[in-house]
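In the numbering used here, the protein residues as written are 14 to 249.
Here the structure is laid out as structure tokens; the discussion comes afterwards.
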């Protein structure tokens with residue numbers, strides 16, 4: 014029997030916050046009376062993250078984790094979604110775990126108002142407390158997606174909730190990895206006529222990014238270029 018909710022969280026070198034974040038999220042979901050699982054998609058960690066996850070999951074059957082040898086956010090997130098058993102799936106970030114997003118997104122999915130709800134850092138009414146350089150990078154990335162792929166929204170990366178059955182065919186078509194997988198997932202859902210809704214979020218991260226912003230740029234450009242070729246040139 015399917016669960017009501019699966020939460021998928023990619024994790025990489027998160028030993029400093031993962032235990033507390035997992036416990037706070039678990040308590041919040043329990044308080045809401047949800048039938049849920051939390052899947053930690055650990056990828057390439059070189060710190061104590063795998064050991065901590067093993068201990069956490071041994072104590073609570075609602076928590077699951079798996080290991081990927083190579084650090085790759087997109088591959089880990091995609092694998093976690095495919096492993097999910099819930100009717101609804103939330104893609105969360107270990108440094109966010111903002112339950113107000115769940116409270117806003119899940120009722121919209123349950124009422125059939127949307128197939129996917131994206132928590133936007135750039136929509137009207139959002140509050141983005143990240144450093145200026147990272148806020149600017151988000152806007153540059155979104156501009157690139159609009160120019161290259163015709164994307165009409167304000168954000169693709171971060172919090173997402175969706176009906177698993179409706180979005181599984183979209184997941185199967187995704188071809189890029191790393192950070193741009195999250196963008197491809199949202200853009201393909203939108204291009205295929207699914208009802209993608211944005212809601213503003215209040216963003217306050219619990220720690221500095223685990224991968225430096227400028228180290229991400231080459232992979233972002235490479236994957237956006239690949240996505241442009243696949244979608245705009247080949248039409249697939």
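Note that beta-carbon positions come from the ideal geometry of N, C-alpha and C, so glycine has one too.
- When secondary structure is reduced to three states using DSSP, residue 110 falls in the coil class, being assigned neither helix nor strand.
- By the Cβ neighbour-count rule, residue 192 is buried, with 16 or more other Cβ atoms within 10 Å of its own.
- In chain order, 76, 77 and 78 place their CB closer than 7 Å to the CB of residue 70, counting only its own chain and leaving out the 5 sequence neighbours on each side.
- Between the C-alpha atoms of residue 61 and residue 82 there is a straight-line separation of about 14 Å.
- By the C-beta density criterion, residue 134 is buried, having at least 16 other C-beta atoms within 10 angstroms.
- Taking a cut-off of 8 Å for Cβ pairs, the stretch 120 to 138 and the stretch 164 to 179 touch, as three or more such pairs fall below it.
- Inside the stretch 134 to 219, DSSP marks whole beta strand (DSSP E) runs of 3 or more residues at positions 173 to 176 and 209 to 213, from first to last along the chain.
- Bridge pairing for residue 74: absent [DSSP].
- Taking C-beta atoms as the reference points, residue 215 and residue 140 count as a pair closer than 8 Å.
- At the C-beta level, residue 100 and residue 44 stay beyond 8 Å of one another.
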